[in-house]
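Q: Numbering of the sequence shown is given in UniProt numbering, commencing with residue 1 and proceeding in unit increments. Every residue, glycine too, gets a C-beta built ideally from N, C-alpha and C. Note that this is a predicted model, so its numbers are computed, not measured. Got a structure for you, questions after.
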Amino acid sequence: MSAAPTSAPSAQGASAASATRAQVAVGAGVLLTAAALAVGAIDIPSNAGYGGVGPNFLPWLVAAVLALCGVLLVWEALSGGFRAMDEPSGAAQANVPAFVWVSAGLLLNAALIGTLGFIISCTLCYLLAVQGLRRASGQDASSARVWAVDALTGVLISAPVFWAFTKLLAINLPGLTQTGWL
1 MSAAPTSAPS
11 AQGASAASAT
21 RAQVAVGAGV
31 LLTAAALAVG
41 AIDIPSNAGY
51 GGVGPNFLPW
61 LVAAVLALCG
71 VLLVWEALSG
81 GFRAMDEPSG
91 AAQANVPAFV
101 WVSAGLLLNA
111 ALIGTLGFII
121 SCTLCYLLAV
131 QGLRRASGQD
141 ASSARVWAVD
151 ALTGVLISAP
161 VFWAFTKLLA
171 INLPGLTQTG
181 WL
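Structure follows, in structure tokens:
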């Protein structure tokens, strides 16, 4: 009689099949995102403007390139999996408090940008996201000095972006005042 096969090869096969399914799911997710962008681009008018392209050109271009990336990811997963991948870095489990900080920043930005204006809401988003990232990496994020430096950095990033869009590109972003400077 021959020896009974060990479970190691079947465990490796199950692990490889699970990895392939996960990799195909990543590619499928990218394809679904491309499809969602394409559906959204349908409603954007195509009237040609300056330079001969309409406002729907960039969304369609992004959707097409994203769809190509999704197809390539699925093909790569089905033809042997993502090759030459480095071992994952970071913690084995998600840092939920950090996720909450970053999510709160993004959600508050979206909720308050029309009320507080671009500069203040983006500063708040930056401040909360950086707090989450600092806490995730084990840095001391609770001192008033850290909060002040992060808030100042958020203003120094968001204000020039606001002014570049509103003053140089003439693109209306929500402001706190009607002057166009805040």
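Could you check the C-alpha separation between residue 175 and residue 165 for me, to the nearest Å?
A: Here the question's residue 175 lines up with position 175 in the sequence shown. Here the question's residue 165 lines up with position 165 in the sequence shown. One C-alpha to the other measures close to 12 Å.
Q: One question on the structure: do residue 159 and residue 120 come within less than 7 Å of each other, judged by their Cβ atoms?
A: Residue 159 sits at position 159 when you count from the first residue of the sequence shown. Residue 120 sits at position 120 when you count from the first residue of the sequence shown. Not a contact, by the Cβ cut-off of 7 Å.
Q: Taking buried to mean at least 16 other C-beta atoms within 10 Å of its own C-beta, is residue 150 buried or exposed?
A: Your numbering for residue 150 matches position 150 in the sequence shown. Per the 10 Å Cβ criterion, buried.
Q: Can you tell which of 35, 44, 27 and 139 has the C-alpha that lies nearest to the C-alpha of residue 69?
A: By one-based count along the sequence shown, residue 69 stands at place 69. Of 35, 44, 27 and 139, the residue nearest in Cα terms is 27.
Q: Would you please state the rounded distance, in angstroms, between the beta carbons of residue 129 and residue 102? I believe it to be under 8 Å.
A: Counting from 1 along the sequence shown, the entry for residue 129 is found at position 129. Counting from 1 along the sequence shown, the entry for residue 102 is found at position 102. Yes, they are in contact, since the Cβ atoms of residue 129 and residue 102 sit about 5 Å apart, within 8 Å.
Q: Put residue 87 into one of helix, strand or coil per three-state DSSP.
A: Working through the sequence shown from its first residue, we reach residue 87 at position 87. It is coil, neither helix nor strand.
Q: Give the DSSP-derived three-state secondary structure of residue 43 in the structure shown.
A: Within the sequence shown, the letter at position 43 stands for residue 43. DSSP places residue 43 in coil when its eight states are reduced to three.
Q: Starting from residue 172, trace the alpha helix (DSSP H) both ways and give me its first and last residue.
A: Taking the first residue of the sequence shown as position 1, residue 172 is located at position 172. Looking at the DSSP string, residue 172 is not in any alpha helix (DSSP H), and its letter there is neither H nor E.
Q: Go through its chain and collect everything with a Cβ distance to residue 33's Cβ below 7 Å, but skip five positions before and after it.
A: The residue labelled residue 33 in the question sits at position 33 within the sequence shown. Same-chain partners within the cutoff: 66.
Q: For the alpha helix (DSSP H) holding residue 114, just list the boundary residues, first then last.
A: Along the sequence shown, read from residue 1 onward, the residue named residue 114 stands at position 114. Taken as a continuous stretch (DSSP letters only), the alpha helix (DSSP H) holding residue 114 covers 96-116.
Q: Distance check for residue 139 and residue 54, CA to CA, integer angstroms please.
A: Counting from 1 along the sequence shown, the entry for residue 54 is found at position 54. Counting from 1 along the sequence shown, the entry for residue 139 is found at position 139. About 47 Å.
Q: Among 157, 22 and 60, which has the Cα closest to the Cα of residue 38?
A: Within the sequence shown, the letter at position 38 stands for residue 38. Closest by alpha carbon: 60.
Q: Can you tell me whether residue 99 is buried or exposed? The criterion is at least 16 other CB atoms within 10 Å of its CB, across all chains shown.
A: Against the sequence shown, residue 99 aligns to sequence position 99. Result: exposed.
Q: Alpha carbon to alpha carbon, how far is residue 2 from residue 88?
A: Counting from one through the sequence shown, the residue named residue 2 turns up at place 2. Counting from one through the sequence shown, the residue named residue 88 turns up at place 88. Note that residue 2 scores a pLDDT of 49, beneath 50, so its modelled location is shaky; the value from the coordinates is reported in the next line. Residue 2 and residue 88: Cα-Cα distance of roughly 39 Å.
Q: With H, G and I counted as helix, E and B as strand and the rest as coil, what does DSSP make of residue 142?
A: Reading the sequence shown from its first residue, position 142 is the one you call residue 142. Coil, per DSSP.
Q: Skipping 5 residues on each side, what residues in its chain have a beta carbon closer than 7 Å to that of residue 41?
A: To locate residue 41, count along the sequence shown from 1; it is residue 41. So the qualifying residues of the chain are 56, 59, 60 and 63.
Q: Leaving out five residues on either side along the sequence, give the residues of the same chain with a beta carbon under 7 Å from the beta carbon of residue 104.
A: Against the sequence shown, residue 104 aligns to sequence position 104. Excluding sequence neighbours, residue 104 sits near 128.
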